[in-house]
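Read through the structure below, which is laid out as structure tokens, and then see the notes.
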Amino acid sequence: MNAWRWTRVIAGYVIAVAAIEVQAFTQILFSVEGGDPLYLNSLRAGPLYSVFGIALIALTIMSIINLTRSVYIAPSEIVRRQLMTLVKASVISGLIGPISLVSSGLNIFPMPMVILSGVLAVFVGMVGYGVARYSALVEKRTIDRDFFYNLSGITVITGIYTSAAWLLVFAYQAPKVIVIFIPILGVFMHTILNAASIFLDWFFFRGETRRLRASLHDLRRLAGENENMKIMLEQILNALCLSIKSTYGLILTCEDVTARQIADYRWKRARLELPSSLLAADDFLHLTQNHFPAPLEDAALLVPLYIESKQIGALVLGRPSNGIHYTNQDVDQLLYPADQIAEALFLNRQNAEHLEKVALIANDPPAVPTRNFSIPVNMVENALRNIFDYAYLADTSLAEMELVRARIAGGKKTHLERGKTVQAIVLEALEQMRPAGNVPRDPPPREWYPYVILHDAYVNGKQNRDIMNRLYISEGTFNRTRRAAISSLARALVEMENPS
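Count the sequence shown with the numbering used here and you get residues 3 to 502, in order.
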């Protein structure tokens, strides 16, 4: 903020404090003239009214200009939306000056006090909403849809109960106090209704039914969350670009053959949509000038976003403001957040697919599935995390493998024996990933990385940092290698199940 803007901000506070002090001890600004106190016309303009009135209008205009300029130079959509809320609130609060001028200064026509109070209430409500929205974003959530959804519901409920209360007053001479009491009671009961239904599920439903109802409740909240995902990604991108002093940043998601921009930082050009093949990369790339066509001709770094072996997006950064290229330390700082961004994109895509499947199931019964055995990677990872928990392993889908059933046929068929068999099969598949020969001295060669990472992390229970120190690799490389190794283990299990 430059000196001139600081001067205007300080001047605004000085004017506000002076107005409060002058009116608190004198009647130079306003004096009571008489008449109905419910109207602003009962106040008479004092000798300094015009001075402070003009100063108030000038202050409002300067505030709007400052906030509008801040909106224009804001680095991300999140900040722009926060500032736009303050701009609108400032415009509404600026109506206080003309209203006061028309009523108290010129005394043109009677003006109820409630109008001025209403303007102030709208201003305070908008500022309060902005503060609540910012607090929610700090906690990695959003309130936009929930806020307006609940506001609409409460408004309708209040209107219905208020109308019913007035009907009782006019038709049956009920006490007028019920016009206040009944709507408040109605809003309170409807507010606790949702929480009460969840609480009652514990008494009327058991086991799978209760979990299914809870899952459906959570699934309902997932609808329409794409905008929330965009806001969260922009928060992360903003922090990343600031930490490495990037001139701009983009997150693009790959869908079929097209990559689309989903979040940006200091990007003033049109939204991007380009072929996914341009962003294809096995690992991060330092880009030369004109590596990409315009408007990305000055991009300096490409970080692919992978889930398992599939690239689902890319992080593209402009040149750093303090150099011509990014250092290795800057890149290492980006790799772990990039993995988290990829996982968030993947989960958001899965949620959208789940909602589509629910819609299809609601309209058409699902077809009888044919056996086409496959093992999800997340199932294999969970099995590794609980490799010594026989009861857990026996409850997984891995226990339904024909290989497991064949091994326990004719022997003990207890729950724990099934879990032990699943453990043995998983460890056999892991041993198939072991390169030939003995484990070499530290650090092992690259071909040993997948086996060493999985065996040390899940079988030996070593900490990730100890494994990284042993292999002399960064956290980003560790995460990518572990992800690929788990995917390979899942394929090995499928091959063991279907040897042909």
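Note that beta-carbon positions come from the ideal geometry of N, C-alpha and C, so glycine has one too.
Note that this is a predicted model, so its numbers are computed, not measured.
task: Rank L50, V53, N68, V19 by C-alpha distance to the C-alpha of R10 and give the top, closest one.
output: Here residue 10 refers to the residue found at position 8 of the sequence shown. Nearest C-alpha to R10: N68.
message: Measuring alpha carbon to alpha carbon, tell me which residue in A301, E477, D391 is nearest Q331.
response: Walking along the sequence shown from the start, residue 331 turns up at place 329. Of A301, E477, D391, the residue nearest in Cα terms is E477.
- prompt: Which word fits F205, buried or exposed, when buried means at least 16 other C-beta atoms lie within 10 angstroms of its C-beta?
  reply: Walking along the sequence shown from the start, residue 205 turns up at place 203. Exposed: under 16 other Cβ atoms inside 10 Å.
- prompt: For R482, is the classification buried or exposed, using 16 other Cβ atoms within 10 angstroms of its Cβ as the cut-off for buried?
  reply: For the purposes of this step, residue 482 is identified with residue 480 of the sequence shown, where counting begins at 1. With at least 16 other beta carbons inside 10 angstroms of its own, R482 counts as buried.
message: Please determine whether the Cβ atom of A76 lies at a distance below 8 Å from any heavy atom of the ligand NAD.
response: The ligand NAD is not part of the structure shown, which contains no ligands of any sort.
- request: Assign V370 to one of three DSSP states: helix, strand, or coil.
  value: As a first step, residue 370 is located in the sequence shown; it is residue number 368 there, counting from the start. Low confidence applies to V370: its pLDDT is 45, below 50, so where it sits in the model is not reliable, and the reading given next is rough at best. DSSP places V370 in coil when its eight states are reduced to three.
query: Is there contact here, the region 448-465 with the region 397-407, by at least three beta-carbon pairs under 8 Å?
result: Verdict: no, contact absent.
Host beta strand (DSSP E) of L281 (start-end): Locating residue 281 in the sequence shown gives position 279, where the first residue counts as 1. Premise fails: L281 is in no beta strand (DSSP E) and is neither H nor E.
message: Quick check on L252: does DSSP put it in helix, strand or coil?
response: Residue mapping note: residue 252 aligns to position 250 of the sequence shown, counting from 1. Residue state, collapsed to three classes: strand.
Cα-Cα separation, R351 to C243: Here residue 351 corresponds to residue number 349 of the sequence shown, with the count starting at 1. Here residue 243 corresponds to residue number 241 of the sequence shown, with the count starting at 1. Cα to Cα, the separation comes out at about 25 Å.
- prompt: Going by DSSP, what residues sit across from K312 in a beta bridge?
  reply: Translated into positions along the sequence shown, residue 312 becomes position 310. Per DSSP, I309.
query: Quick one: what's got a C-beta closer than 8 Å to I98's C-beta in the same chain, skipping five residues either side?
result: Here residue 98 refers to the residue found at position 96 when the sequence shown is read from its first residue. Around I98, the same chain offers L58, L118, V121, L122 as residues with beta carbons nearer than 8 Å, after the five sequence neighbours per side are excluded.
field: Unbroken alpha helix (DSSP H) run spanning D391, endpoints
entry: As a position in the sequence shown, residue 391 is number 389, starting the count at 1. For D391, no alpha helix (DSSP H) run applies, since DSSP gives it neither H nor E.
field: Limits of the alpha helix (DSSP H) - the one that A265 falls within
entry: In the sequence shown, counting from the first residue as 1, residue 265 sits at position 263. Note, A265: premise wrong, no alpha helix (DSSP H); beta strand (DSSP E) at 260-267.
task: Classify E8 as buried or exposed, calling it buried when 16 or more other Cβ atoms lie within 10 Å of its own Cβ.
output: Position 6 of the sequence shown, counting from 1, holds the residue named residue 8. According to the sequence provided, residue 8 is Trp. The question's Glu does not apply to it. It is exposed - the Cβ of W8 has fewer than 16 other Cβ atoms within 10 Å.
field: C-alpha gap between I488 and V454, whole angstroms
entry: The residue you call residue 488 lines up with position 486 of the sequence shown. The residue you call residue 454 lines up with position 452 of the sequence shown. Rounded to whole angstroms, I488 and V454 show a C-alpha spacing of 12 Å.
field: Segment limits, alpha helix (DSSP H) that includes M470
entry: Your numbering for residue 470 matches position 468 in the sequence shown. M470: member of the alpha helix (DSSP H) spanning 466-473, first to last residue.
- prompt: If you count every other CB in all the chains shown that lies within 10 Å of the CB of A316, and 16 or more means buried, which is it?
  reply: Against the sequence shown, residue 316 aligns to sequence position 314. Sixteen is the threshold: when 16 or more other Cβ atoms of the shown chains lie within 10 Å of the Cβ of A316, as they do, the residue is buried.
message: Looking at the secondary structure, which residues open and close the alpha helix (DSSP H) in which K422 lies?
response: Numbered from its first residue, the sequence shown carries residue 422 at position 420. 417-434 is the span of the alpha helix (DSSP H), which, as asked, contains K422.
task: Can you grab the Cα-Cα spacing for the pair A411 / P378, in whole Å?
output: Here the question's residue 411 lines up with position 409 in the sequence shown. Here the question's residue 378 lines up with position 376 in the sequence shown. Rounded to the nearest angstrom, the two C-alpha atoms are 25 Å apart.
query: Is the CB-CB distance between F390 and Q425 below 9 Å?
result: By 1-based counting over the sequence shown, the position of residue 390 is 388. By 1-based counting over the sequence shown, the position of residue 425 is 423. Yes, the pair counts as a contact, with Cβ atoms nearer than the cut-off.
Inter-residue Cα distance where the pair is A91 and C256: Taking the first residue of the sequence shown as position 1, residue 91 is located at position 89. Taking the first residue of the sequence shown as position 1, residue 256 is located at position 254. C256 has its alpha-carbon roughly 39 Å from the corresponding atom of A91.
- prompt: I101 to A346, Cα distance in whole Å?
  reply: On the sequence shown, residue 101 is found 99 positions in, with the first residue counted as 1. On the sequence shown, residue 346 is found 344 positions in, with the first residue counted as 1. For I101 and A346, the distance between alpha carbons rounds to 50 Å.
- prompt: Among L195, Y163, M191, which residue has its Cα nearest to the Cα of I180?
  reply: Position 178 of the sequence shown, counted from the start, is the residue given in the question as residue 180. Out of L195, Y163, M191, Y163 has the C-alpha closest to the C-alpha of I180.
task: Determine which residues share a DSSP beta bridge with E275 and list them.
output: The sequence position of residue 275 within the sequence shown is 273, counting from 1. Within the DSSP secondary-structure output, E275 pairs in a beta bridge with R262.
- prompt: Looking at R262 and L280, is the spacing between their C-beta atoms short of 9 Å?
  reply: One-based indexing of the sequence shown puts residue 280 at position 278. One-based indexing of the sequence shown puts residue 262 at position 260. Result no, Cβ atoms of L280 and R262 do not sit closer than 9 Å.
- prompt: Taking all protein chains shown into account, do 16 or more other C-beta atoms lie within 10 angstroms of the C-beta of E299, making it buried, or fewer, making it exposed?
  reply: The sequence position of residue 299 within the sequence shown is 297, counting from 1. Around the beta carbon of E299, a 10 Å sphere encloses fewer than 16 other beta carbons of the protein chains shown; the residue is thus reported as exposed.
- prompt: Name the DSSP beta bridge partners of G320, please?
  reply: Here residue 320 corresponds to residue number 318 of the sequence shown, with the count starting at 1. DSSP, once it has assigned bridges, lists A301 as partnering G320.
- request: Taking all protein chains shown into account, decide if S490 is buried (16 or more other Cβ within 10 angstroms of its Cβ) or exposed.
  value: Numbered from 1 along the sequence shown, position 488 holds the residue referred to as residue 490. So S490 counts as buried.
- prompt: Going along the chain, which residues of its own chain have a beta-carbon closer than 8 Å to the beta-carbon of I469, five neighbours each way excluded?
  reply: In the sequence shown, counting from the first residue as 1, residue 469 sits at position 467. Contacts found: V454, I455, D458, A459, F480.
- prompt: To the nearest angstrom, how far is it from the Cα of T423 to the Cα of F207?
  reply: Here residue 423 refers to the residue found at position 421 when the sequence shown is read from its first residue. Here residue 207 refers to the residue found at position 205 when the sequence shown is read from its first residue. So the two alpha carbons sit approximately 34 Å from each other.
message: Quick check: the Cα distance between A296 and R484, rounded to an integer number of angstroms?
response: Translated into the one-based positions of the sequence shown, residue 296 becomes position 294. Translated into the one-based positions of the sequence shown, residue 484 becomes position 482. Distance between A296 and R484, taken at the CA atoms: about 36 Å.
task: Provide the residue(s) that pair with H288 in DSSP beta bridges, ordered along the chain.
output: Here residue 288 is taken as the residue at index 286 of the sequence shown, counted from 1. Answer is L303.
message: Measuring only the C-alpha atoms, how far is R436 from A401?
response: Translated into the one-based positions of the sequence shown, residue 436 becomes position 434. Translated into the one-based positions of the sequence shown, residue 401 becomes position 399. Between R436 and A401, the C-alpha separation is close to 24 Å.
task: For R373, count neighbouring C-beta atoms within 10 Å of its own C-beta (all shown protein chains included) and say buried if the count is 16 or more, exposed if not.
output: Taking the first residue of the sequence shown as 1, we reach residue 373 at position 371. Confidence is the limiting factor: at R373 the pLDDT is only 48, short of 50, which leaves the residue's position unreliable and the question unanswerable from this model.
task: Please report how far the alpha carbon of N376 lies from the alpha carbon of N384, in whole angstroms.
output: As a working note, residue 376 is residue 374 in the sequence shown. As a working note, residue 384 is residue 382 in the sequence shown. The sequence as given places Ser at residue 376; Asn does not occur at that position. Between the C-alpha atoms of S376 and N384 there is a straight-line separation of about 16 Å.
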